[in-house]
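Visitor: The following block contains the structure, expressed as structure tokens.
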Amino acid sequence: MQNLGPAARIFHALFVIFILAPLIMVIAVSFTDKGYLSLPTDGLSLRWFRAILDNPDFIDAFWMSVWLAVISASVAVLISVPAALAIARHKFPGRDVISAFLLSPLMIPHLVLGVAFLQFYSTIGLGGSFYGLAAAHVILITPYALRLALASATGLSTDAENAALTLGASKFTVFRRITLPLILPGVAGGWLLSFITSFDELTMSVFVASPATQTLPVRMYHHITQTIDPLIASISTVLIVLTFLVMLILDRFYGLDKIFVGKG
Amino acid sequence: MSFLIFETLNKKFGDFVAVRDMSLSVERGEFISLLGPSGCGKTTTLQMVAGLLPPTSGRIVLDGKDITKTPPNQRGLGIVFQSYALFPHMTATDNVAFGLEMRGVGKAERTDRARGALDQVKLGQFVDRYPKDMSGGQRQRVALARALVIEPPVLLLDEPLSNLDAKLREEMRIELRLLQQDIGVTTILVTHDQEEALSMSDRIVVMQQGDVAQIAAPLDLYERPTNTFVSDFVGKTNLIQGQITGDNEVNVDGTRVSVDTLAHTHGSSVTLSIRPEKFQMSDDPSGHEVRVEAAIFLGASWLYRVKGSMGDLFVTQPNTGSAGYAKGDVAWLGWPEGALTLFKGAQ
Amino acid sequence: MMASIQPRKVPYFLTGPGVIFFAALLGAPMVMTLLLSLHSYDFNTGIQPDWTLANYVEVLGDSYFQKIFGRTFGLALLVTVICVLIGVPEAYVLSRLSSRWRSVFLLVVLGPLLISVVVRTLGWALFFGGNGVLTMTAQALGFGDEPVSLMFTFTGMTIALVHVLVPFMVISVWASLQKIDPQSEDAGLSLGASKMTVLRRITLPQAMPGILSGSIIVFALTASAFATPAIIGGRRMKVVATAAYDEYLSTLNWPLGATIAILLLLANIGIIVSYNKLIERRFAKVFE
Ligand SMILES: Nc1ncnc2c1ncn2[C@@H]1O[C@H](COP(=O)(O)OP(=O)(O)OP(=O)(O)O)[C@@H](O)[C@H]1O
Ligand SMILES: [Mg+2]
Numbered sequence: 027m028q029n030l031g032p033a034a035r036i037f038h039a040l041f042v043i044f045i046l047a048p049l050i051m052v053i054a055v056s057f058t059d060k061g062y063l064s065l066p067t068d069g070l071s072l073r074w075f076r077a078i079l080d081n082p083d084f085i086d087a088f089w090m091s092v093w094l095a096v097i098s099a100s101v102a103v104l105i106s107v108p109a110a111l112a113i114a115r116h117k118f119p120g121r122d123v124i125s126a127f128l129l130s131p132l133m134i135p136h137l138v139l140g141v142a143f144l145q146f147y148s149t150i151g152l153g154g155s156f157y158g159l160a161a162a163h164v165i166l167i168t169p170y171a172l173r174l175a176l177a178s179a180t181g182l183s184t185d186a187e188n189a190a191l192t193l194g195a196s197k198f199t200v201f202r203r204i205t206l207p208l209i210l211p212g213v214a215g216g217w218l219l220s221f222i223t224s225f226d227e228l229t230m231s232v233f234v235a236s237p238a239t240q241t242l243p244v245r246m247y248h249h250i251t252q253t254i255d256p257l258i259a260s261i262s263t264v265l266i267v268l269t270f271l272v273m274l275i276l277d278r279f280y281g282l283d284k285i286f287v288g289k290g
Numbered sequence: 005m006s007f008l009i010f011e012t013l014n015k016k017f018g019d020f021v022a023v024r025d026m027s028l029s030v031e032r033g034e035f036i037s038l039l040g041p042s043g044c045g046k047t048t049t050l051q052m053v054a055g056l057l058p059p060t061s062g063r064i065v066l067d068g069k070d071i072t073k074t075p076p077n078q079r080g081l082g083i084v085f086q087s088y089a090l091f092p093h094m095t096a097t098d099n100v101a102f103g104l105e106m107r108g109v110g111k112a113e114r115t116d117r118a119r120g121a122l123d124q125v126k127l128g129q130f131v132d133r134y135p136k137d138m139s140g141g142q143r144q145r146v147a148l149a150r151a152l153v154i155e156p157p158v159l160l161l162d163e164p165l166s167n168l169d170a171k172l173r174e175e176m177r178i179e180l181r182l183l184q185q186d187i188g189v190t191t192i193l194v195t196h197d198q199e200e201a202l203s204m205s206d207r208i209v210v211m212q213q214g215d216v217a218q219i220a221a222p223l224d225l226y227e228r229p230t231n232t233f234v235s236d237f238v239g240k241t242n243l244i245q246g247q248i249t250g251d252n253e254v255n256v257d258g259t260r261v262s263v264d265t266l267a268h269t270h271g272s273s274v275t276l277s278i279r280p281e282k283f284q285m286s287d288d289p290s291g292h293e294v295r296v297e298a299a300i301f302l303g304a305s306w307l308y309r310v311k312g313s314m315g316d317l318f319v320t321q322p323n324t325g326s327a328g329y330a331k332g333d334v335a336w337l338g339w340p341e342g343a344l345t346l347f348k349g350a351q
Numbered sequence: 457m458m459a460s461i462q463p464r465k466v467p468y469f470l471t472g473p474g475v476i477f478f479a480a481l482l483g484a485p486m487v488m489t490l491l492l493s494l495h496s497y498d499f500n501t502g503i504q505p506d507w508t509l510a511n512y513v514e515v516l517g518d519s520y521f522q523k524i525f526g527r528t529f530g531l532a533l534l535v536t537v538i539c540v541l542i543g544v545p546e547a548y549v550l551s552r553l554s555s556r557w558r559s560v561f562l563l564v565v566l567g568p569l570l571i572s573v574v575v576r577t578l579g580w581a582l583f584f585g586g587n588g589v590l591t592m593t594a595q596a597l598g599f600g601d602e603p604v605s606l607m608f609t610f611t612g613m614t615i616a617l618v619h620v621l622v623p624f625m626v627i628s629v630w631a632s633l634q635k636i637d638p639q640s641e642d643a644g645l646s647l648g649a650s651k652m653t654v655l656r657r658i659t660l661p662q663a664m665p666g667i668l669s670g671s672i673i674v675f676a677l678t679a680s681a682f683a684t685p686a687i688i689g690g691r692r693m694k695v696v697a698t699a700a701y702d703e704y705l706s707t708l709n710w711p712l713g714a715t716i717a718i719l720l721l722l723a724n725i726g727i728i729v730s731y732n733k734l735i736e737r738r739f740a741k742v743f744e
């Protein structure tokens, strides 16, 4: 730690404590041996983790969220990769409008998206359907996938592709053997970021999800508004651990800061 | 009929003319350089040959076949890009083998041939390296091997040496030229480095803002430039303004210089060109008297800036081992007959 | 395979799927919401077929909604200010750490962004609750038996939202600090400036674009935040998002809910756009 005075260090320590405190609190409470909310002052217990297994609706909601995130992140990537290539490498009338349109969900509060989809789906008779929810998630996360795809497509010079072309490759071969492998890191990063964003999304989903399509955040939200108990803490602890693993992967391959500059 | 022919090639970007009426006939096995300052249209010309840019008008004929409309992946030309354009996600061998794979060569054979090609460019130990783990010179040679392994009828090189350091660049010039003569492949080299063009080519095409300024063999180009642009761009030269005042006599600010004025009319303004190394500088008070204003030691030679009645001149003299002139010295310049070239008009 | 498509049309084929998807599934719902906000609502017969601006008049004129909008934007402003005050120094500290510590603490500071907001807010609810840790700690330390609760308070919402959003400020400032040529700071020192002067006159101005864009992100996200205000603020401390939620799912007055949503959207876009204009004008010269 160079160039840092004691005041800066104390500030930094307090900041880190502030950031970690609520997470540590959740984890601590989840290990309580009591039947009510309390810190595990006299003994750790895994009883609230076992209790998760007795609540299949949370487990169903978890898998619902996973599937939803996998499907919508995949569709978002399928939409954004060709779009990113077009936007990054072609000049064409309407380019700026199209790119602004595909990025526009970033400017729309999730609540607004939620009410819009709620009404839209109930009008066209898709209310509460899984595919409706997935489509809404695709809209929500496409900007993230698009940004990362754009970043890697923009940095890509056409030289390597031209070289492959002059060596006799067809346009399709060039795409498959040269372009795709080169933008793959950005595409995979975009997929993961989209996955997490979809997985965590609450505000829009709370409007669109039906009891049959409840995602984990929605299920947890409804639980918390009823009661806050150690069960919800232990579920949250599991989520924190899972997220931490994903985070390590992301950081390893891309650097978290690069991903988040795209998220903001 | 020549092997490769450009017929009045033109390329416009909107209203901007990047290449104008370029015509050229290249013989089989010939080494041609396209030489010119940045932005003069060299890369544009090369890309038209490669098929990466469609010409606005004109034709390209290769070995008797019109290839103007042939897509790049069916021309079969070997190209080394300025950035090398290696495939970063493939090893050296896979890079080189790619073109063979596209030609349906089986795996074992193409690996063999790729390694052979890498051997040829002295990269035998680096076959499994990725581009990011190689030096600039090594990458350049991978790119060369990749272009040559498909045995192209024509090799196109876009400033292949410009990213290398000075020493390596000189070595590679010789290596590249030897390799080219060895294989006998027809080659077009794009460069803005006149030394590179002079040292490697059979003929040089000098380009100026999209136009062809002169096409000539290196020595001809250097000794007999046909315009002031070429004489100034290829090698260093002194350009001196004057007026024809009599038969074989030009007046430069009151100083009379004798030179062959046959092709020019009496009284017209002209520009004289003389290369710095053509001067003989001595203490013998005959010829053109000058005062040394700056003396720079270059190792193999001395470069002087001198001032006299003809204005400021640059003079190069070989280093003979003894001390040269110093600032403030007075000296006399002479030059052999034919050292002066005369161009019409003021510069 | 692309040879059959005219090159001029290629970009439209590539962006086509996205554009069509968005037009159908984003354009249509947004337009329908706008239209819905122009209908009136009757508690017995539901949505009326008329066209009226009555909902807008009601939301903008009613002191109940005015208070909610006022609270929301006050909250957004307060959270933004606090995020600047603690996020900017933290980003600076991060940029000064040795690279090993830096990657550890970047993970600590940015990582929570990946954790569900519900989980992070739950952590604060555990602190704040009437029978929560705050109370237990106070009691354990002998501060009396009164429950100490920040649940359903403005303060509680502010603390939790700062926690949820401050990483956006840090990352945004961090990104612009990354772009600073470290030699420009050395140059300042070599010209005789003190460390403090260098910070104030050289580093901070260059970090300004990051601070401003971080502020706009934090402000916009606070103004439209739902989960944290819903859990910590509850029914007693309604903000725009929770009010719209109640109109939709409790009162079932969809046109009024749509009106609130549209107003929130307009305010959001208005603030982002005018703020961007402001930034562009101020920084156009320095940061092309
Ligand atoms: N796609 C394009 N659109 C418009 N103008 C172009 C385009 N490509 C090249 N030009 C212009 O055409 C001219 C010639 O470009 P070219 O790349 O052939 O130059 P060059 O001789 O290779 O220069 P350098 O030595 O810098 O590589 C330049 O003025 C350039 O700006
Ligand atoms: Mg060029």
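Chains as they are written, first to last, in our numbering: chain A, 27 to 290; chain B, 5 to 351; chain C, 457 to 744. For each residue, glycine too, the CB sits at the ideal point set by N, CA and C.
Helix, strand or coil, according to DSSP, for B/T249 in the structure here?
Guide: Looking at B/T249 - three-state DSSP - the assignment turns out to be strand.
Visitor: Between A/L193 and chain B, is the shortest Cβ-Cβ distance under 8 angstroms, so that the two count as touching?
Guide: yes
Visitor: Buried or exposed for C/P463, going by 16 or more other Cβ atoms inside 10 Å?
Guide: The residue is exposed, with fewer than 16 neighbouring Cβ atoms inside 10 Å.
Visitor: Nearest chain B C-beta to A/A189 closer than 8 angstroms, yes or no?
Guide: Answer yes: the Cβ-Cβ gap between A/A189 and chain B drops below 8 angstroms somewhere.
Visitor: Would you say the beta carbon of B/D162 comes nearer than 7 angstroms to a heavy atom of ligand 2?
Guide: yes
Visitor: Just how far apart, CA to CA, sit C/V537 and C/A723?
Guide: So the two alpha carbons sit approximately 19 angstroms from each other.
Visitor: Could you give the distance in angstroms between the alpha-carbon of C/V515 and the alpha-carbon of A/A110?
Guide: 41 angstroms
Visitor: With hydrogens ignored, establish whether the beta-carbon of B/T47 is closer than 7 angstroms to any heavy atom of ligand 2.
Guide: yes
Visitor: How do the segment 653-671 of chain C and the segment 107-123 of chain A stand: do at least 3 beta-carbon pairs fall below 8 angstroms, yes or no?
Guide: Not touching, per the Cβ criterion.
Visitor: Which chain C residues are close to A/H38, counting only those with a beta carbon under 9 angstroms from its beta carbon?
Guide: P545, E546, V549, L550, L553, F561
Visitor: Anything in chain B within Cβ reach of A/I204, meaning under 7 angstroms, just list it in chain order.
Guide: F91
Visitor: Relative to the C-alpha of C/G612, which residue among C/F583, C/A631, C/I627 is closest?
Guide: C/F583
Visitor: Return yes when the C-beta of B/Q245 is under 7 angstroms from any heavy atom of ligand 2, and no when it is not.
Guide: Checking the Cβ of B/Q245 against ligand 2 gives no.
Visitor: Which residues, in chain order, does the segment 61-81 of chain B contribute to contact with chain A at a C-beta distance below 9 angstroms?
Guide: P75, P76, N77, Q78, R79, G80, L81
Visitor: Report yes or no: is there a C-beta of chain A within less than 8 angstroms of the C-beta of C/A649?
Guide: So, not an interface residue.
Visitor: Use the C-beta contact count for A/Y157: other C-beta atoms within 10 angstroms, 16 or more gives buried, fewer gives exposed.
Guide: exposed
Visitor: I think A/S106 touches A/L193, with their Cβ atoms under 8 angstroms apart; what is that distance to the nearest whole Å?
Guide: That pair is no contact at about 29 angstroms.
Visitor: Examine chain A for any beta-carbon lying closer than 8 angstroms to the beta-carbon of B/S203, and answer yes or no.
Guide: Chain A, which has no Cβ nearer than 8 angstroms to the Cβ of B/S203, makes this no.
Visitor: Would you call the segment 137-149 of chain A and the segment 475-492 of chain C in contact, with 3 or more CB pairs under 8 angstroms?
Guide: yes
Visitor: Using CA atoms only, rank isn't needed, just tell me which of B/L346, B/K282, B/S37, B/S6 is closest to B/S272.
Guide: B/L346
Visitor: Alpha carbons only, please: which of B/K331, B/M211, B/S326 is nearest the one belonging to B/K46?
Guide: B/M211
Visitor: At what residues does the alpha helix (DSSP H) containing C/I542 begin and finish?
Guide: 519-552
Visitor: At a Cβ cut of 7 angstroms, what residues of the segment 106-140 of chain B count as close to chain A, listed as they run along the chain?
Guide: Taking 7 angstroms as the cut-off between beta carbons, the residues of the segment 106-140 of chain B near chain A are M106, R107, in sequence order.
Visitor: Taking the beta strand (DSSP E) that B/V274 belongs to, which residues open and close that run?
Guide: 273-278
Visitor: Report the rounded CA-to-CA distance for C/V565 versus C/P623, giving the unit in angstroms.
Guide: 6 angstroms
Visitor: So, under 8 angstroms CB-CB, B/V334 and B/R295 are touching, yes? Tell me the CB distance rounded to an integer number of Å.
Guide: About 5 angstroms separates the Cβ atoms of B/V334 and B/R295, confirming a contact at the 8 angstroms cut-off.
Visitor: Per DSSP, B/Q284 forms a beta bridge with which residues?
Guide: B/G338
Visitor: According to the neighbour-count rule (16 or more other Cβ atoms, all chains shown, within 10 Å of its Cβ), is B/R145 buried or exposed?
Guide: buried
Visitor: Rounded to whole angstroms, what's the CA-CA distance from A/T199 to B/T191? Just pull it up for me.
Guide: 27 angstroms
Visitor: Looking at the unbroken beta strand (DSSP E) that takes in B/D316, where does it start and where does it end?
Guide: 315-322
Visitor: One question on the structure: do B/V194 and B/L161 come within less than 8 angstroms of each other, judged by their Cβ atoms?
Guide: yes
Visitor: With a Cβ-Cβ cutoff of 8 angstroms, do C/I688 and C/T577 count as a contact?
Guide: yes
Visitor: Using a cut-off of 7 angstroms between C-beta atoms, extract the partners of B/G103 located in chain A.
Guide: L193, G194
Visitor: Comparing the CB of B/A89 with every heavy atom of ligand 1, is any distance shorter than 7 angstroms?
Guide: no
Visitor: I believe B/L337 touches B/H270 by the beta-carbon criterion, under 8 angstroms. Please report the beta-carbon distance rounded to the nearest angstrom.
Guide: B/L337 to B/H270, Cβ: 27 angstroms. No contact.
Visitor: State the Cα-Cα distance for the pair B/F102 and B/V158, rounded to the nearest angstrom.
Guide: 18 angstroms
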